[in-house]
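In this text, residue positions in the sequence shown follow numbering that gives the first Met the number 0: the first is 0, and each later residue adds one.
Taking it in order: structure first as structure tokens, then the write-up.
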Amino acid sequence: MSLSAEADGFMRRALELGRHAADSGEGGPFGAVIVRDGAIVGEGWNRVIASSDPTAHGEVMAIRDACAQAGLFSLEGCDIYTSGEPCPMCLGAIYWARLRHVYFGFSIADAERVGFDDRRFYTELALPAAQRKIGQTQILGEEACDVLDAYLNQPDHPAY
């Protein structure tokens with residue numbers, strides 16, 4: 000499916016960045032661009048291997064780049080074009096960045112065919128916390144809330 004020549008161009012750039020990541024050995028074949036008002040304002044590609052950072056996915060790197068260039072932590076009004084359907088971590092970052100729309104190339108099922116099993120993370124996160132493989136335990140909740148309340152009481156704390 001093609002939306003427009005402009006959208007195709009943005010997706011082709013994301014695919015080019017994904018190919019660079021894979022060909023250079025920096026990471027998997029994942030690239031992404033952030034677009035605002037018809038212009039690319041951030042780019043990224045998977046650098047998990049090169050940076051020894053499991054969070055250095057293409058979408059996250061593109062969000063970091065766009066935010067750094069804009070000097071903002073919100074990308075409201077922007078869209079992301081990504082070579083592959085986002086994993087749960089990237090989707091979370093997309094929501095935190097307040098991106099407007101996700102355009103993706105290959106699906107999670109396509110990626111699974113070559114060894115990227117993002118579906119298992121979606122399946123795991125759909126379970127109640129007590130049934131997940133990685134346990135979660137709250138400790139020092141009251142003290143932690145004191146830190147939260149102190150932040151809330153700062154007169155100029157930023158609104159997320």
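Glycine included, every Cβ here is placed at the ideal spot set by N, Cα and C.
{"Query": "With distance defined between alpha-carbon atoms, name the residue in VAL101, PHE72, GLU15, THR54 nearest to LEU2.", "Result": "VAL101"}
{"Query": "Using only the alpha-carbon positions, how far apart do CYS86 and GLY114 sit?", "Result": "14 Å"}
{"Query": "How would you call HIS156, buried or exposed, if buried means at least 16 neighbouring beta carbons within 10 angstroms?", "Result": "exposed"}
{"Query": "Work out the CA separation of SER73 and ALA67 for me, nearest whole Å.", "Result": "10 Å"}
{"Query": "Hey, how far is the Cα of ASN45 from the Cα of GLU123?", "Result": "23 Å"}
{"Query": "Looking only at its chain, what residues have a beta carbon closer than 6 Å to the beta carbon of PRO43, apart from the 5 residues adjacent to it on each side?", "Result": "The question names Pro, but residue 43 is Gly in the sequence shown. ALA31, GLY57, MET60, ALA61, ASP64."}
{"Query": "Is DSSP giving ALA31 helix, strand or coil here?", "Result": "strand"}
{"Query": "Taking PHE120 as the reference, which of SER106, MET88, TYR94, TRP95 has the closest Cα?", "Result": "MET88"}
{"Query": "From GLU142 to ALA149, what distance separates their C-alpha atoms?", "Result": "11 Å"}
{"Query": "Report, in whole angstroms, the separation of the C-beta atoms of VAL47 and ALA69, which I expect to be a contact under 8 Å.", "Result": "Contact doesn't hold; Cβ gap of about 25 Å is too wide."}
{"Query": "The alpha helix (DSSP H) with ASP64 in it runs from where to where?", "Result": "57-69"}
{"Query": "Considering PHE120, what are the terminal residues of the alpha helix (DSSP H) in which it resides?", "Result": "118-125"}
{"Query": "To the nearest whole angstrom, what separates the beta carbons of ALA4 and GLU25, a pair I think is in contact under 8 Å?", "Result": "At roughly 29 Å, the Cβ-Cβ gap does not stay under 8 Å, so ALA4 and GLU25 are not in contact."}
{"Query": "Give me, in chain order, the residues of the same chain whose beta-carbon lies closer than 6 Å to that of ALA96; leave out the 5 immediate sequence neighbours on both sides.", "Result": "ILE62, LEU74"}
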